[in-house]
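A short write-up of the structure that comes next.
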């Protein structure tokens, strides 16, 4: 197949190189898939894209770019693989060329993202948000935390990141309550509930983790009313999307000392501007949307996912990472 | 036996109550040990101690107190059990009544302490010390971290905390190099070296964890020269004792941006005074000596350890937690 790889010139840390491709093809070959029979072009410029897209059958693209690349004449294009998992920022999907299907990079973030969630749960159990505030104030104040075993976490979203995080939390003895649209049971969850049962679970939780995609159904899911249902001292973690949470209501609850702390990796807007109240809200730990990406392994994992999907697709099966445009994930 | 429990009036969070004792005795009874045949007295005052110690055969005491309690006429006393693991602050041990042996609380801190170390290793891998500095400066700066798998940690000390931390680190795919006086192999360590081989390991480490007791042999173990052997970007964790580390040399290396960060729970002196440079050293995360203590379970674990040791001692065996006065742990 003719495959074009379009890199983001503003994000050189995640540039996919010929060497990355060859290594992935060799892994696919080694594991019985054949990744070596494709014609590969790689570009980072608009001119490079224009030169290649006319004959490309598959496009591998950094996600923030892809909306700007189209419209473009791409009569042979059957697959657009974006190297992000959450594609909410690409909606509406009217840019997608007719005849092409959209694949996301779900799965690339599971290992790193789950470790970030585990770190956040440990930081909340150890009362690190309060202790960090003490440190800034040069104030020595014993604040004893607790071990994870027996603590109760509500994991909203059991996609690749949420499921991997649930597995780690359960392995450390936490009681994990899953929450997803289907409410299907999950082996690492004591129980899985549908979003309409969330109100019953929140008052008993020590922590809530948001690991779901942003869709019409999840926008503002943890709103002011639900934040009010959390018990005093509970913690909030967000690795999904900023808009799943009422950020302002969370800041109010933290400023009032009602919650134990929050560890957030995603915000509205990003980057967070210097004057935003988030920066100075007490007991809030912020990271700049880096929770789930490990540059050392990201391209390798992404290409492995692409090639595994390509193999399924070429065998006439549904690609596991095919993005459902209507559902939004 | 006549057992006296002396609580620290300045530390009410860790007060051992009659209910704690009865619960521990019931657990011992349930597991085939008999903890119920003892006469128990409990006090927090000097008068309460004086009234009980004359007939006590065993003393259970909060550690900071015990040096101040003696000398006192204690002709029947055979056991002093301190509810801390590191008893360096009780040296020299000339206060210990003749005929009594000293037991420490080694083991009580393993689960909580190991989780703190795991949290610290995750924070270093996620570059949280740098990201926290960005947050204070209201500065949005992408800093990508890495997953734990494949990262290399040198674990100095393989006592209860160090061994439990090594197990967690190994479970997350880290390469753990142990370091202890005996250099005896350990199942969770790729290799265990003696302290004199530490210089060969430091340049290859992503992180060094100090989890050893403070003794003449470990004082200033991670000195300026050894800190200089660490590679650029490496991290340091200390859950042992502040004096195991040259704190000033570490601050210099952090201030120079040579290291990736440090997560310290123990210091010289404690409490750290407000004017100390530690508070403002960049990329340093400080916690107020709380890493290994979970008040919710501490007394239960402590009394279980005491009763298990008492059973061994009454059977004529060596108590596993008998403190070696010469060795210092």
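Chains as they are written, first to last, in this note's numbering: chain A, 1 to 329; chain B, 1001 to 1329. Using N, Cα and C, we set each Cβ at its ideal position, and we do this for glycine too. Since we're looking at a predicted model, the values are computed, not measured.
(1) Please go through the same chain and pick out, in chain order, the residues whose beta-carbon is closer than 8 Å to the beta-carbon of residue 1226 of chain B, but skip the five residues on each side of it.
(2) Can you give me the C-alpha to C-alpha distance between residue 1255 of chain B and residue 214 of chain A, rounded to a whole angstrom?
(3) So what does DSSP say about residue 327 of chain A, is it helix, strand or coil?
(4) Just the C-alpha distance for residue 189 of chain A and residue 1282 of chain B, rounded to the nearest angstrom, thanks.
(5) Quick one: which residues of the segment 1103 to 1124 of chain B get their C-beta closer than 7 Å to a C-beta of chain A? List them in chain order.
(6) Closest to residue 113 of chain A by CA distance: which of A:180, A:295, A:316 is it?
(7) Can you pull out the residues from the segment 280 to 295 of chain A whose beta carbon lies closer than 9 Å to at least one beta carbon of chain B?
(8) Measure from the C-beta of residue 65 of chain A to each C-beta in chain B and report whether the shortest distance is under 8 Å.
(9) Would residue 58 of chain A and residue 78 of chain A be called neighbours here (beta carbons separated by less than 8 Å)?
(10) Mind pulling the chain A residues with CB within less than 9 Å of residue 1013 of chain B?
(11) Please check if any C-beta of chain A sits within less than 8 Å of the C-beta of residue 1271 of chain B.
(12) For a test of the three-state rule: what should DSSP assign to residue 1081 of chain B, helix, strand or coil?
(13) Does DSSP classify residue 1304 of chain B as helix, strand or coil?
(14) Listed in chain order, which residues of the segment 1244 to 1256 of chain B have Cβ atoms closer than 7 Å to some Cβ of chain A?
(15) Could you please give the first and the last residue of the uninterrupted beta strand (DSSP E) stretch that includes residue 1102 of chain B?
(16) Measuring only the C-alpha atoms, how far is residue 148 of chain A from residue 94 of chain A?
(17) Select from B:1253, B:1241, B:1257, B:1206 the residue whose C-alpha is nearest the C-alpha of residue 1291 of chain B.
(18) Should residue 1273 of chain B be labelled buried (16 or more other beta-carbon atoms within 10 Å of its own) or exposed?
(19) Just to confirm, are residue 219 of chain A and residue 244 of chain A a CB contact at a threshold of 8 Å?
(20) Could you please give the first and the last residue of the uninterrupted beta strand (DSSP E) stretch that includes residue 221 of chain A?
(21) Would you report the Cα separation of residue 8 of chain A and residue 41 of chain A, rounded to the nearest angstrom?
(22) Locate the alpha helix (DSSP H) running through residue 1141 of chain B, then write down its first and last residues.
(23) Residue 1027 of chain B to residue 85 of chain A, Cα distance in whole Å?
(24) Enumerate in chain order the residues of its own chain whose CB-to-CB distance from residue 261 of chain A is below 6 Å, with the five nearest sequence positions on each side excluded.
(25) Just the Cα atoms here: how many angstroms apart are residue 323 of chain A and residue 302 of chain A?
(26) When Cβ atoms are compared, which residues of the segment 1182 to 1203 of chain B fall closer than 9 Å to chain A?
(27) Going along the chain, which residues of its own chain have a beta-carbon closer than 6 Å to the beta-carbon of residue 49 of chain A, five neighbours each way excluded?
(28) Assess, as a yes-or-no matter, whether the segment 129 to 144 of chain A is touched by the segment 160 to 168 of chain A under the definition of 3 or more beta carbon pairs within less than 8 Å.
(29) Quick one: is residue 126 of chain A near chain B, going by C-beta distance under 8 Å?
(30) Closer than 8 Å, CB to CB, is residue 1274 of chain B near chain A or not?
(31) Got a sec: is the Cβ-Cβ distance from residue 6 of chain A to anything in chain B below 8 Å?
(32) Please report how far the alpha carbon of residue 194 of chain A lies from the alpha carbon of residue 184 of chain A, in whole angstroms.
Well, looking at it:
(1) In the second chain, counting from the first residue as 1, residue 1226 of chain B sits at position 226. Only 1198, 1199, 1202 meet the Cβ criterion.
(2) Locating residue 1255 of chain B in the second chain gives position 255, where the first residue counts as 1. Locating residue 214 of chain A in the first chain gives position 214, where the first residue counts as 1. So the two alpha carbons sit approximately 40 Å from each other.
(3) Residue numbering aside, residue 327 of chain A sits at position 327 when the first chain is read from its first letter. It is coil, neither helix nor strand.
(4) As a first step, residue 189 of chain A is located in the first chain; it is residue number 189 there, counting from the start. As a first step, residue 1282 of chain B is located in the second chain; it is residue number 282 there, counting from the start. Approximately 40 Å between the Cα atoms of the pair.
(5) 1111, 1112, 1115, 1116, 1118, 1119, 1122, 1123
(6) As a working note, residue 113 of chain A is residue 113 in the first chain. Residue 113 of chain A has its Cα closest to that of A:295, out of A:180, A:295, A:316.
(7) 280, 284, 285, 286, 287, 288, 289, 290, 291, 293, 294, 295
(8) The residue given as residue 65 of chain A occupies position 65 in the first chain. No, residue 65 of chain A does not count as interfacial toward chain B.
(9) One-based indexing of the first chain puts residue 58 of chain A at position 58. One-based indexing of the first chain puts residue 78 of chain A at position 78. Their beta carbons are under 8 Å apart, which means residue 58 of chain A touches residue 78 of chain A by this criterion.
(10) On the second chain, residue 1013 of chain B is found 13 positions in, with the first residue counted as 1. Going along chain A in sequence order, the residues near residue 1013 of chain B (Cβ under 9 Å) are 142, 144.
(11) As a working note, residue 1271 of chain B is residue 271 in the second chain. It does; some Cβ of chain A falls within 8 Å.
(12) Translated into positions along the second chain, residue 1081 of chain B becomes position 81. Reduced to three states, the DSSP call for residue 1081 of chain B is strand.
(13) Within the second chain, numbered from 1, the residue matching residue 1304 of chain B stands at position 304. Of the three classes helix, strand and coil, the one that applies to residue 1304 of chain B here is helix, per DSSP.
(14) none
(15) Here residue 1102 of chain B is taken as the residue at index 102 of the second chain, counted from 1. Looking at the DSSP string, the run of the beta strand (DSSP E) that includes residue 1102 of chain B is 1101 to 1103.
(16) Taking the first chain and counting its residues from 1, one reaches residue 148 of chain A at position 148. Taking the first chain and counting its residues from 1, one reaches residue 94 of chain A at position 94. Roughly 46 Å between the two C-alpha positions.
(17) Reading the second chain from its first residue, position 291 is the one you call residue 1291 of chain B. For the residues B:1253, B:1241, B:1257, B:1206, the minimum Cα distance to residue 1291 of chain B belongs to B:1241.
(18) Taking the first residue of the second chain as 1, we reach residue 1273 of chain B at position 273. The residue is exposed, with fewer than 16 neighbouring Cβ atoms inside 10 Å.
(19) In the first chain, the residue the question calls residue 219 of chain A occupies position 219. In the first chain, the residue the question calls residue 244 of chain A occupies position 244. It is a contact, given that the beta carbons lie within the stated cut-off.
(20) Taking the first chain and counting its residues from 1, one reaches residue 221 of chain A at position 221. No beta strand (DSSP E) contains residue 221 of chain A, which DSSP labels as neither H nor E.
(21) As a first step, residue 8 of chain A must be located in the first chain, where it is residue number 8. As a first step, residue 41 of chain A must be located in the first chain, where it is residue number 41. If you take the alpha carbons of residue 8 of chain A and residue 41 of chain A, they lie about 14 Å apart.
(22) Taking the first residue of the second chain as 1, we reach residue 1141 of chain B at position 141. Note, residue 1141 of chain B: premise wrong, no alpha helix (DSSP H); not H, not E.
(23) As a first step, residue 1027 of chain B must be located in the second chain, where it is residue number 27. As a first step, residue 85 of chain A must be located in the first chain, where it is residue number 85. Looking at the two C-alpha atoms, the distance is approximately 50 Å.
(24) Counting from 1 along the first chain, the entry for residue 261 of chain A is found at position 261. Hits under 6 Å: 124, 129, 235, 283.
(25) Translated into the one-based positions of the first chain, residue 323 of chain A becomes position 323. Translated into the one-based positions of the first chain, residue 302 of chain A becomes position 302. When rounded, the distance between both Cα atoms is 15 Å.
(26) none
(27) Looking up residue 49 of chain A in the first chain gives position 49. Correct list, in chain order: 6, 43, 69.
(28) no
(29) On the first chain, position 126 is the one that residue 126 of chain A refers to. Residue 126 of chain A counts as touching chain B.
(30) As a working note, residue 1274 of chain B is residue 274 in the second chain. Taking Cβ atoms only, chain A reaches closer than 8 Å to residue 1274 of chain B, which makes this a yes.
(31) The residue you call residue 6 of chain A lines up with position 6 of the first chain. Cβ-Cβ to chain B under 8 Å: no for residue 6 of chain A.
(32) For the purposes of this step, residue 194 of chain A is taken as residue 194 along the first chain, with counting starting at 1. For the purposes of this step, residue 184 of chain A is taken as residue 184 along the first chain, with counting starting at 1. Their Cα atoms are separated by approximately 9 Å.
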